[in-house]
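Asker: Below you will find the structure I want to go over with you.
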Amino acid sequence: MADNIGHPSGDHLMTERIFNQIAHRYDFLNRLLSLGLDQYWRKQAISFLPKSPNLKVLDIATGTADLALMMAQRHDHIERVVGVDIAKDMLQIGRRKVKEAGLCDKIHLDTGDALKLEFPNESFDAVTVAFGLRNMPNQAEAVREMRRVVKPGGRLIILEFSMPKHPIFRLIYLAYFRHILPVVGGLLSGHYQAYRYLNQSVEQFDSSVLNKMQAYPLSLGIATLYVSDSVA
-1 MADNIGHPSG DHLMTERIFN QIAHRYDFLN RLLSLGLDQY WRKQAISFLP
49 KSPNLKVLDI ATGTADLALM MAQRHDHIER VVGVDIAKDM LQIGRRKVKE
99 AGLCDKIHLD TGDALKLEFP NESFDAVTVA FGLRNMPNQA EAVREMRRVV
149 KPGGRLIILE FSMPKHPIFR LIYLAYFRHI LPVVGGLLSG HYQAYRYLNQ
199 SVEQFDSSVL NKMQAYPLSL GIATLYVSDS VA
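Going by the numbering used here, the first residue of the sequence shown is number -1, and it counts up by one from there.
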């Protein structure tokens, strides 16, 4: 249930292996385990894209390109979306989806490391990440790289899971994440550990790296949207 699931240590090789293993069931399980909320969260994220014409957007941890496709399909002012991810099998599925949508001229997907983006300074009008930041081994460095490639006046948009603050809802949420989601995800994907990791990574995620960004809790705090201009 995310655009990326990794390893608690943030180890790139482990993250890549896990995502390649679950790629074949990834989109189906995202919808099922989030009860469809993942698409609603993505819609909220792209509503913060700059409104300027000929927009060039970088989507990091693009996975199977759900967010990249949604951006290109819903915003006519986007000229180009570049999606990068470390998991090749996820990207293969993403490329197939892009081709089926007839958007090969608008979306380009490639392997890429969020900590070492192979783009010049100030290359994009916006940078997006959906559910991938917590899996990166150095989250502060990842955010610095995002800021480096954003043009002056551009925008960072980061969507990530979070912990609900309401005590009763938090208990229900944790019970689902710790006990139900790993079992269902594991049975349907064949990889229990990948979904067992999800609740661990969410509980361990330190959002202080995003403390200079405006935070918008979604769905009672299950997810949080962080938005910042590049100058923040």
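Where a beta carbon is used, it is the ideal one built from N, C-alpha and C, also for glycine. Since this is a predicted model, take the numbers as computed values, not measurements.
(1) Secondary structure at R72, three-state DSSP: helix, strand or coil?
(2) Quick check: the segment 140 to 157 against the segment 114 to 125, are at least 3 beta-carbon pairs closer than 8 Å?
(3) Taking the alpha-carbon positions, what's the L89 to Q212 distance?
(4) Measuring CB to CB, does L218 end up less than 7 Å from Q42?
(5) What are the start and end residues of the beta strand (DSSP E) that includes D36?
(6) Do I105 and V127 have their CB atoms nearer than 7 Å?
(7) By DSSP, does P180 sit in helix, in strand, or in coil?
(8) Where do the ends of the beta strand (DSSP E) carrying I58 lie?
(9) Provide the residue(s) that pair with G81 in DSSP beta bridges, ordered along the chain.
(10) For P215, collect the residues of the same chain with a Cβ closer than 6 Å to its Cβ; drop the 5 residues on either side in sequence, then sort them by chain order.
(11) By the three-class DSSP mapping on this structure, what secondary structure does I220 have?
(12) N52: which of E77, S45, P135 and V147 sits nearest, CA to CA?
(13) In the structure shown, what three-state DSSP assignment does A173 receive?
(14) Compare the C-alpha of R93 against each of K114, R72 and T60 and name the closest.
(15) Taking the alpha helix (DSSP H) that E98 falls in, what are its first and last residues?
(16) Take the Cβ of V181 as the centre, count every other Cβ of all protein chains shown within 10 Å, and call the residue buried at 16 or more, exposed below.
(17) Between which two residues does the beta strand (DSSP E) holding V127 run?
(18) Once you ignore the five residues that flank A112 on each side, which residues in its own chain have a CB closer than 6 Å to its CB?
(19) Please classify I84: is it buried, with 16 or more other beta-carbons within 10 angstroms of its beta-carbon, or exposed?
(20) Short of 8 Å in beta carbon distance, which residues of its chain neighbour V147, apart from the five on each side in sequence? Order them along the chain.
(21) Based on the DSSP output, what are the partners of S226 in its beta bridges?
Answerer: To lay it out plainly:
(1) helix
(2) yes
(3) 30 Å
(4) no
(5) Note, D36: premise wrong, no beta strand (DSSP E); alpha helix (DSSP H) at L35 to I44.
(6) no
(7) helix
(8) L53 to I58
(9) D57 and L107
(10) T222
(11) coil
(12) E77
(13) helix
(14) T60
(15) K86 to E98
(16) exposed
(17) F122 to A128
(18) I58, M134 and A140
(19) buried
(20) L56, L115, F117, P118, N119, E120, S121, F122 and V125
(21) L154
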